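Quick note on numbering: the sequence shown equals residues 412 to 1159 in my numbering.
From the three backbone atoms N, C-alpha and C, an ideal C-beta is built for every residue, glycine too.
As the structure is a prediction and not an experimental result, all values here were calculated from the model.
Following: one structure in structure tokens, then a few remarks.
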Amino acid sequence: MQRLLKYLKPFIFLLILAIALLFLQANADLALPDYLSKIVNVGIQAGGIENAIPQAIRQTEMERLMLFFSAEEKERVLNDYTLVDQSSPDYDRYLSQYPALKDGAIYVLNPIDQAETDWLNPVMAKALLVVYGIEQGMADPTKVSTLGQMNFNGFDISKLPPGTDLFKYMEQMPPAALSQISEGINKRLEAMGSSSLIQAAAEPIQAEYAALGMDVGAVSHKYILNTGKLMLLLTLLSVLCNIGVGFLSSRIAAGFSRNLRKAVFSKVESFSSGEFEKFSTASLITRTTNDITQIQMVVIMMVRMVFYAPIIGVGGVMRAISKDSSMWWILALAVGILILLIFIIFNIAVPKFKIIQSLIDRLNLITRENLSGMMVIRAFNRQDFELKRFDKANRDLTSTSLFVNRVMAVMMPIMMLVLNGISLLIIWVGGKQVAASNMQVGDILAFMQYGMQIIFAFLMLSVMFIILPRAQVSANRIADVLETEPSIVDPENPQSFPPDGKGLLEFRNVSFRYPDAEEYILHDISFVAQPGKVTGIIGPTGSGKSTLVNLIPRFYDVTDGAILIDGVDIRNVTQHELRKRIGFVPQKSSLFSGTIESNLRFGNENAPEELLYKAAEIAQATEFIEAKPEKMDAEISQGGTNVSGGQKQRLSIARALVKQAPINIFDDSFSALDFKTDAALRQALKQQATPGTLLLVTQRVASIMNADQIIVLDEGRIVGKGKHRDLMKTCEIYKDIALSQLSMEELA
Ligand code: ADP
Ligand code: MG
């Protein structure tokens, strides 16, 4: 992937935006379990009472609490409360809120900050618990057990005669004895965790609120409702972020793959024939389509998961441990099992992905070959064989894909098993913690949810780990194309052809072998093709004629020697400049989908109408164009399959002529023409107003008999050069070819 990173650059801003949204989403998601635990712990179990600090408390009750405060605690607590009685200015307002105010003065809590809350919580909780316990024991003597526990530092309340008002009794105790009791209480309650302590204090506070005439149920109700609303808002935020991220990730991925496709396509356009042979057309097509689609999918997933999962994972662990640090080992166990599973999959599945991609290549290759060679396959009755070949490729791909998918399918239930096992473990261990008052029920719920979030984060990462290597394969295949430097490149300081150049073509000791081939195909070729003259090239098939002419437009570069046009080495000008000077009709010519006219204008878009007709006339194409009802606007199907071989050749010639280039090269372009048309065409070519340099490659002696110069090629060497008449006498090979085609009289 890193080889393609630079194509992500234009999307950096969107990416950062997406990450910011993910961060927001992750935080919202992580906050939810916390609120759930609050609903259970505070809303339900503690009746909506968050702190062990009552909003208001009767003066009489406060005095009982103060029995268990130290001197400085007493002062600080009283500082946080305001005494309200009939003389207070806000009496009426407070009366409606706390109806018990009419029976006596009450303390109302001042606004306090978090630090003060934290300090007050344990102090008030302990005192509230003890006072409440004593009150209950006094009110109901059957609760002896409650009193029985009130044995602090040797001071056993239950030993006192029944009916004693303990608070009156204690007020008369010496301060030393009282502080002894306080210490005992502290020691006893220290064992409880602070959150459990606060939760336990909720009961006395609820009792106090009831005594004040407040609606206790409403307090709990309000708390749950408010927390619920907050959770709803958080969920909404998370959903919005998620939608935003989805939108951004699609944009990034689609844009990224569009740029990649563009880059690959323009790279391929710059390839010379050598690079095409290296990659094969089928593979290039898979690379621009399937491979890039893979990458696109992965980019979407990456944006959505790769950043989200770690935030959730780390955040989840941190929050879970803050709920209960003693259960960390359960999370570690879960993560350990998951890592092991991912490791196993990684080693089983990933090597297969590489295979899959090359199998797709193969399937493409066979499909392409079959579709383009359909006629031949039918003519030779090879359908069965081809079907089997396709079937095998198809089966290979299917079975490999199936294998990978089966591994994935097995993974899912295993992951679910781990997930459920972990939940069970959390409930089991957490249940014990709750029984020991070390943890609250809501915290188990939250812990469980965090556990799930952590595991899902890991699952996401594991999915990532599985598809990433596949994308890596694709990415490398694409990068291979992008990083291939075309072997034929423009010079750094290009020269230009002389403006008055007429297209003088010279081969100077040219030798050539195909890239990666050992054997030379052309050996020491030297000749000059003059402007206004026809140079014929003849030779048996495989003698190197096409290879020779393909060197002129630099489809390949010469291995040794040089080719010059108007005295300039063709490697010293730009390819564009060079090809502008050449009208080329390749041996295997192809037309493009469109109309006849659009095909003729291929090399010269602004050619005037007359030029098109003129070129068509020289190419002997007028007759059949005129025969079509739409004339020049007749449709040409892809590859030119709806015209005959000869018509295709004539249109290709016309297309080259419309370009009006000084050099024209026809590679076996008359092979599908009948002799009469062949002759007429050559005649017309000769009579052109500005006859450029003409190179005629052919196997027909008749086509070049009248050429100004004939070059005879055999096994890549020039074995004869001259006019027909001379060659008949001097060149054995030429004579053999000529005699095999024409009678003595015709040759004379
Ligand atoms: P001609 O046009 O005279 O029939 P070619 O120039 O097409 O002959 O081929 C000459 C030789 O070059 C042949 O032996 C052929 O096998 C070889 N050849 C042609 N094209 C390639 C190529 N792309 N890679 C390697 N060898 C090639
Ligand atoms: Mg050829």
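Exposure label - F687; buried when at least 16 CB within 10 Å: Counted from its first residue, the sequence shown places residue 687 at position 276. When all chains shown are included, F687 counts as exposed.
Collapsed DSSP secondary structure at G548 in the structure displayed: Position 137 of the sequence shown, counting from 1, holds the residue named residue 548. G548 falls in the helix class under three-state DSSP.
Helix, strand or coil at Q583 according to DSSP, with G and I counted as helix: One-based indexing of the sequence shown puts residue 583 at position 172. Three-state result, Q583: coil.
Nearest-angstrom Cα separation, counted from S683 out to E917: Position 506 of the sequence shown, counting from 1, holds the residue named residue 917. Position 272 of the sequence shown, counting from 1, holds the residue named residue 683. Cα to Cα, E917 sits roughly 22 Å from S683.
Among K420, S448 and I427, nearest to D854 - alpha-carbon criterion: Sequence index remark: in the sequence shown, residue 854 carries index 443 (1-based). Out of K420, S448 and I427, S448 has the C-alpha closest to the C-alpha of D854.
Alpha-carbon to alpha-carbon, D1079 and Q1071: The residue labelled residue 1071 in the question sits at position 660 within the sequence shown. The residue labelled residue 1079 in the question sits at position 668 within the sequence shown. About 20 Å.
Pick from F858, G1050, Q436 and I976 that is closest to S737, judged by C-alpha positions: The residue you call residue 737 lines up with position 326 of the sequence shown. Cα-wise, what sits closest to S737 is F858.
Contacts around I866, its chain only, beta-carbon distance under 6 Å, and the 5 residues preceding and following it disregarded: On the sequence shown, position 455 is the one that residue 866 refers to. If we look at I866 and ignore the five residues flanking it on each side, its Cβ neighbours are A745 and L830.
Supposed close pair I963, I948 - CB separation, criterion 8 Å: Numbered from 1 along the sequence shown, position 552 holds the residue referred to as residue 963. Numbered from 1 along the sequence shown, position 537 holds the residue referred to as residue 948. So it is not a contact: roughly 11 Å between Cβ atoms.
One or two residues paired with G947 in a DSSP bridge: Walking along the sequence shown from the start, residue 947 turns up at place 536. Beta-bridge pairing links G947 to L1107 and I1121.
Lining residues of the ligand ADP - beta-carbon closer than 5 Å to any non-hydrogen atom, in sequence order: Y925, I932, T952, G953, S954, G955, K956, S957 and T958
DSSP-derived helix/strand/coil call for V984: The count along the sequence shown starts at 1 and reaches residue 984 at position 573. In the structure shown, V984 sits in coil (DSSP, three-state: anything other than H, G, I, E or B).
Whole beta strand (DSSP E) elements within the region 468 to 547, 3-residue minimum: 492 to 495 and 517 to 520
Cβ-based burial, Q851 [other Cβ within 10 Å; buried from 16]: Stepping through the sequence shown from its first residue, residue 851 is reached at position 440. Buried, since its Cβ has 16 or more Cβ neighbours within 10 Å.
Range covered by the alpha helix (DSSP H) that runs through F995: Start at 1 with the first residue of the sequence shown, and residue 995 comes out as number 584. Per DSSP, F995 belongs to no alpha helix (DSSP H); it is in the beta strand (DSSP E), I993 to V996.
Spatial distance of M473 from G604 (CA atoms): Within the sequence shown, the letter at position 62 stands for residue 473. Within the sequence shown, the letter at position 193 stands for residue 604. Each residue's alpha carbon lies about 24 Å from the other.
Sub-8 Å separation of Q617 and I460 beta-carbons: Stepping through the sequence shown from its first residue, residue 617 is reached at position 206. Stepping through the sequence shown from its first residue, residue 460 is reached at position 49. Yes, Cβ-Cβ distance for Q617 and I460 is below 8 Å.
Identity of the residue in A731, I711 and Q508 nearest V630 by Cα: Position 219 of the sequence shown, counting from 1, holds the residue named residue 630. When only C-alpha atoms are compared, the closest one is Q508.
CB of L443 within 8 Å of CB of M642, strictly: Counting from 1 along the sequence shown, the entry for residue 443 is found at position 32. Counting from 1 along the sequence shown, the entry for residue 642 is found at position 231. In contact: L443 and M642 (Cβ atoms closer than 8 Å).
Beta carbon of Y505 nearer than 8 Å to that of L494: For the purposes of this step, residue 505 is identified with residue 94 of the sequence shown, where counting begins at 1. For the purposes of this step, residue 494 is identified with residue 83 of the sequence shown, where counting begins at 1. Contact flag unset, no.
With 16 other Cβ atoms within 10 Å as the buried cut-off, status of E1168: With the chain covering 412 to 1159 only, the question about residue 1168 has no answer from this structure.
As assigned by DSSP and simplified to three states, the class of L915: Here residue 915 is taken as the residue at index 504 of the sequence shown, counted from 1. Of the three classes helix, strand and coil, the one that applies to L915 here is coil, per DSSP.
Simplified DSSP assignment, three categories, for R1128: Position 717 of the sequence shown, counted from the start, is the residue given in the question as residue 1128. The answer is strand: DSSP assigns R1128 an E or B state.
beta-carbon Q794 near the ligand MG non-hydrogen atom, thresh 7 Å: Taking the first residue of the sequence shown as position 1, residue 794 is located at position 383. No, since every heavy atom of the ligand MG falls outside the 7 Å radius drawn around the Cβ of Q794.
8 Å Cβ cutoff met for R672 and I703: Counting from one through the sequence shown, the residue named residue 672 turns up at place 261. Counting from one through the sequence shown, the residue named residue 703 turns up at place 292. For R672 and I703, yes; Cβs fall inside 8 Å.
Residue burial classification, I468 (beta-carbon count within 10 angstroms, cutoff 16): For the purposes of this step, residue 468 is taken as residue 57 along the sequence shown, with counting starting at 1. Per the 10 Å Cβ criterion, buried.
Straight-line gap, A429 to V656 (C-alpha atoms, nearest Å): Here residue 429 is taken as the residue at index 18 of the sequence shown, counted from 1. Here residue 656 is taken as the residue at index 245 of the sequence shown, counted from 1. Taking the straight line joining both Cα atoms gives about 5 Å.
C-alpha gap between G1162 and K678, whole angstroms: Residue 1162 lies beyond the residue range present for the chain, which begins at 412 and ends at 1159; the question has no answer from this structure.
Those residues which DSSP pairs with V979 across a bridge: Locating residue 979 in the sequence shown gives position 568, counting from the first residue. DSSP, once it has assigned bridges, lists I976 as partnering V979.
Endpoints, beta strand (DSSP E) assigned at V939: Reading the sequence shown from its first residue, position 528 is the one you call residue 939. Unbroken beta strand (DSSP E) run through V939: L933 to A940.
Start-to-end residues for the beta strand (DSSP E) that takes in F791: The residue labelled residue 791 in the question sits at position 380 within the sequence shown. Per DSSP, F791 belongs to no beta strand (DSSP E) and is neither H nor E.
Heavy atom of the ligand MG within 7 Å of Q998 beta-carbon: For the purposes of this step, residue 998 is taken as residue 587 along the sequence shown, with counting starting at 1. Answer for Q998: yes, Cβ within range of the ligand MG.
Contacts around E1008, its chain only, beta-carbon distance under 7 Å, and the 5 residues preceding and following it disregarded: The residue you call residue 1008 lines up with position 597 of the sequence shown. The residues are L1023, M1043 and D1044.
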